[in-house]
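Single-structure report; data block below.
Residue numbers (my numbering): 28 to 191.
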């Protein structure tokens, strides 16, 4: 298993994460098709929250939450705002590449099934958030370990991880 020495870009790079591209760059990034975990990071000033999410309405569900809730969920002491996983699916083209493309497309307003992590799309600078990934043959276990480590260090889940 891996451990992030710090919950920021430097700590993620030290732990072997790769990419560190924005959602705008993700469509053309060389994301591996294998299973793994990914982080969404925001190395910026305090956030500005949007009242409505531009994300897609998957199964006609509204992805927006109140700005009061966004403020309650926000953690100022970390750059990591979401931890996710990409499991192996039916074809070799699935995995991280497919899952991160779904996440990007959901944020662009398409009705794609990536409900987890949806709070990031209510950040005014969501397009400039960084995405980093790490291949793993055990993405479920690695995601669980990373989330448990994060909770141990911060006392709660990352901003956009609403449950685990």
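Beta carbons: idealized from backbone N, C-alpha and C, even for Gly.
Item to complete: For residue 35, I'd like the list of residues in its chain whose CB is within less than 6 Å of its CB, leaving aside the five on either flank, ordered along the chain.
Response: 106
Just curious, the alpha helix (DSSP H) that residue 49 is in, first and last residue? Per DSSP, residue 49 belongs to no alpha helix (DSSP H); it is in the beta strand (DSSP E), 45-49.
(request) Return the CA-CA distance between residue 168 and residue 93, expressed in angstroms with no decimal places. (result) 32 Å
Touching or not, the stretch 144-163 and the stretch 50-67, by the rule of three or more beta carbon pairs under 8 Å?
-> A contact exists between the stretch 144-163 and the stretch 50-67.
message: I'd like to know if the stretch 121-129 and the stretch 173-182 are in contact, where contact means that at least 3 CB-CB pairs between them fall below 8 Å.
response: No, the stretch 121-129 is not in contact with the stretch 173-182.
message = Taking the beta carbon of residue 110 as the centre, do at least 16 other beta carbons fall within 10 Å, making it buried, or is it exposed?
response = buried
ask   = Closest to residue 83 by CA distance: which of 70, 144, 71 and 44 is it?
value = 144
Considering only residues of the same chain and omitting the five flanking positions on each side of residue 136, which have a CB-CB separation below 7 Å?
For residue 136, where only same-chain residues beyond five positions count, the Cβ hits under 7 Å are 81, 82 and 83.
Based on DSSP bridge pairs, tell me the residues matched to residue 76. In DSSP, residue 76 forms a bridge with 150.
*Three-state class that DSSP yields for residue 92 in the structure shown*: DSSP places residue 92 in coil when its eight states are reduced to three.
Do residue 155 and residue 147 have their C-beta atoms closer together than 8 Å? no
*Check each candidate in 58, 89 and 49 and name the one with the smallest Cα separation from residue 139.*
89
Worksheet item: Got a sec, what are the start and stop residues for the alpha helix (DSSP H) residue 113 sits in?
Response: Element bounds for residue 113: not the alpha helix (DSSP H) but the beta strand (DSSP E), 107-113.
Using 8 Å for Cβ pairs, my map puts residue 50 next to residue 158. What's the rounded Cβ distance?
7 Å
How far does the beta strand (DSSP E) with residue 36 in it reach, from first residue to last?
-> Run containing residue 36: none in the beta strand (DSSP E); it sits in the alpha helix (DSSP H), 36-41.
*Closest by CA to residue 42, which one among 187, 52 and 31?*
31
- Measure the alpha-carbon distance for residue 183 versus residue 79 and round it to whole angstroms. 25 Å
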